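Notes follow once the structure below has been shown.
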Amino acid sequence: MLRDAVSRLDPQTTGALVAAASDVSLVVDGDGVIRDAAFGADGLSEEAGGRWLGQRWIDTVTVESRPKVASLLEDAEPGAVTRWRQVNHPSAQGGVDVPIRYAALRIPDDDRILVIGRDLRALSALQQRLADSQQALERDYARLRSAETRYRVLFQLAGEPILIVDAGTRRVTEINPAASRLLGRAIKRIVGRDLVDLFEPEAARAVQSLLVGLRLTGQAEDLTARLAQRRGEARVSATLFREEAGTSILVRLAALTPAPSPAAARSGALEVIEAMPEGFVITDRDRRIIGVNAAFLDLAQLATEHQAKGELLERWLGREGTEIGALFGTLAEHGSVRHFGTVIRGEFGAVDEVEVAAVSVPGGEKPCFGFTLRSLPRRVAAVTPGGRDLPRSVEHMTELVGRVSMKALVRETTDMIERLCIEAALRITHDNRASAAEMLGLSRQGFYAKMRRYGLGDLDGSEEAEEDGG
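Quick note on numbering: the sequence shown equals residues 133 to 602 in the working numbering.
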């Protein structure tokens, strides 16, 4: 019925209907020249279509949209509308391009083409606002992360003993290293405990009264309390503050006994570093190791610190020479590095993925670098057995852009691709070296040479077996 009704309309009425139903309608002749144009969207004619008449349609669009216009003209057939394509027109006002979605229909018994378009400016503006909002959210998130990082650094490095206590349960939720040293207990043994348990029984009652008064009035007088385990007396101050998850109490302790000497403090710091579960290394400017802790010795499969001292760090750390060079180059330029993913190679062949954080210490008589190595959990590869994690390797390469030369990147990328191809060929041929070499277009000797280069397989045994079999 609709087609029958439309067929009864005269040409003038049909043209008016097309113009009203679309944001822009064009009549294009067989040479692709615009012979007539009608605009239904407000401001569209002034912004994009003011001088279209008499021009080729393909000349009114941006360079990247020209193939789409050519396709629309070529695909236009009588009785069938082409699929919609988005085309961008340069703005006559010098602003952003004007996006319009077009479809075309060839007029029967005529070489002219009817083109109808829908204005996408509102959708484009909405997408731009969405992108701007996303960027604003990311900036806000980055600022929050930065503020949280500063808080964490200040909290951890503060010389004043500080505890964060849940106001409802009185349980310690956070504690800084200074408070841990004052109380003589490891942080993990304090977090989760009732605050009053950290004081001797008589002092605990006074601390409990202080907390009750603080919750009722929001203020409390400082008091002197004796710490548990004969850790001496301390001045206790408490401040109530509100967080998103509830109300907390910031408790500050001030030891009333003499502070330890600097030498004792340094000794304590060294003990902490030695007991760290993460590997710790100090090197000089020439990358030679000055000192390590026990965790690093475990990662490097070494028995004593003497085996590591004086050796180059890259003997154990890094996949390739370019990687360790990038690490030290970034340190020299920026002074610190965080979340640097690499591997540590043990003395007896073990390879572990680690995340490196490093800092440059330029001051003092002997400038040095400090590194912490955190072992990453082993993950099951999301590829076929025996394969390597190619996306991660590519990501690793892109992270090195700007840190090392392109020549070094190309060399390392070539090595990575060669190794992946060899591993894939061995997997496909079920570890048949001769077939794998033929698959890759390599001689058997060349194939074995590359396997030796990348440390793949039991080469000596396999060569002898295949020679005997041949």
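Just so it is clear, CB atoms sit at the ideal spot from N, CA and C, and this is done for glycine as well. Given the structure is predicted, the values throughout are model-derived calculations rather than measurements.
Beta-carbon gap between residue i and residue j smaller than 8 Å
i: Val156; j: Leu185; result: no
i: Val493; j: Glu485; result: no
i: Lys498; j: Asp416; result: yes
i: Thr504; j: Gly411; result: yes
i: Tyr586; j: Arg551; result: yes
i: Ala370; j: Val383; result: yes
i: Asp207; j: Asn220; result: no
i: Gly172; j: Leu205; result: no
i: Ala490; j: Leu459; result: yes
i: Gln218; j: Pro199; result: no
i: Asp161; j: Arg244; result: yes
i: Leu359; j: Ala338; result: no
i: Val297; j: Ile381; result: yes
i: Ala357; j: Ala335; result: yes
i: Leu385; j: Val413; result: no
i: Ala268; j: Arg347; result: no
i: Phe501; j: Gln433; result: no
i: Leu508; j: Glu487; result: yes
i: Val159; j: Leu258; result: no
i: Gly291; j: Gln361; result: no
Per DSSP, cross-strand counterpart(s) of residue i
i: Thr371; result: Leu382
i: Leu237; result: Leu246
i: Ile232; result: Val219, Asp251
i: Val413; result: Val424, Phe503
i: Glu365; result: Arg358
i: Ala387; result: Ala366
Three-state secondary structure assigned by DSSP to residue i
i: Ser507; result: strand
i: Ala360; result: coil
i: Leu588; result: coil
i: Thr561; result: coil
i: Leu574; result: coil
i: Arg261; result: helix
i: Asp547; result: helix
i: Arg271; result: helix
i: Met408; result: coil
i: Ala377; result: coil
i: Ala279; result: helix
i: Gln351; result: coil
i: Lys582; result: helix
i: Ser256; result: helix
*In the stretch 421-505, which residue ranges form an unbroken alpha helix (DSSP H) of at least 4 residues, counting only runs that do not cross its ends?*
With a minimum length of 4 residues, the continuous alpha helix (DSSP H) runs that stay inside the stretch 421-505 are 426-432, 453-466.
*Taking only runs of the beta strand (DSSP E) that begin and end inside the stretch 155-230, which ones reach a length of at least 3 residues, in chain order?*
Entirely contained in the stretch 155-230, the beta strand (DSSP E) runs reaching 3 residues are, in chain order, 156-160, 166-171, 217-221.
*asked:* Counting beta carbon pairs with one atom in the stretch 268-284 and one in the stretch 297-309, are three or more of them shorter than 8 Å?
replied: Contact between the stretch 297-309 and the stretch 268-284 is not established, with fewer than three Cβ pairs separated by less than 8 Å.
*asked:* For the stretch 400-409 against the stretch 323-332, do three or more pairs of beta-carbon atoms, one drawn from each stretch, fall closer than 8 Å, so that the two count as touching?
replied: Three or more beta-carbon pairs separated by less than 8 Å are not found between the stretch 400-409 and the stretch 323-332, which leaves the two stretches without contact.
*asked:* Taking 8 Å as the cut-off, does the stretch 245-255 touch the stretch 263-279 (at least 3 CB pairs, one atom from each stretch)?
replied: For the pair of segments examined, the stretch 263-279 was found not to touch the stretch 245-255: the number of CB pairs separated by less than 8 Å stays below three.
*Take every Cβ of the stretch 254-268, pair it with every Cβ of the stretch 236-244, and state whether three or more of those distances are shorter than 8 Å.*
Output reads no: the stretch 236-244 does not touch the stretch 254-268.
*asked:* Check whether the stretch 433-452 and the stretch 467-482 touch, using three or more Cβ-Cβ pairs below 8 Å as the test.
replied: Yes: the two stretches touch, three or more of their Cβ pairs being nearer than 8 Å.
*Cβ contact check for the stretch 339-348 and the stretch 310-318: 3 or more pairs under 8 Å*: Touching, no.
*asked:* My parser needs the beta strand (DSSP E) runs of 3 or more residues fully inside the stretch 285-346; what are they?
replied: Counting whole runs of 3 or more residues, the stretch 285-346 contains the beta strand (DSSP E) stretches 294-298, 304-307.
*asked:* I want to know whether the stretch 429-442 touches the stretch 452-472 - three or more CB-CB distances under 8 Å.
replied: Contact between the stretch 429-442 and the stretch 452-472 is absent, because fewer than three Cβ pairs lie under 8 Å.
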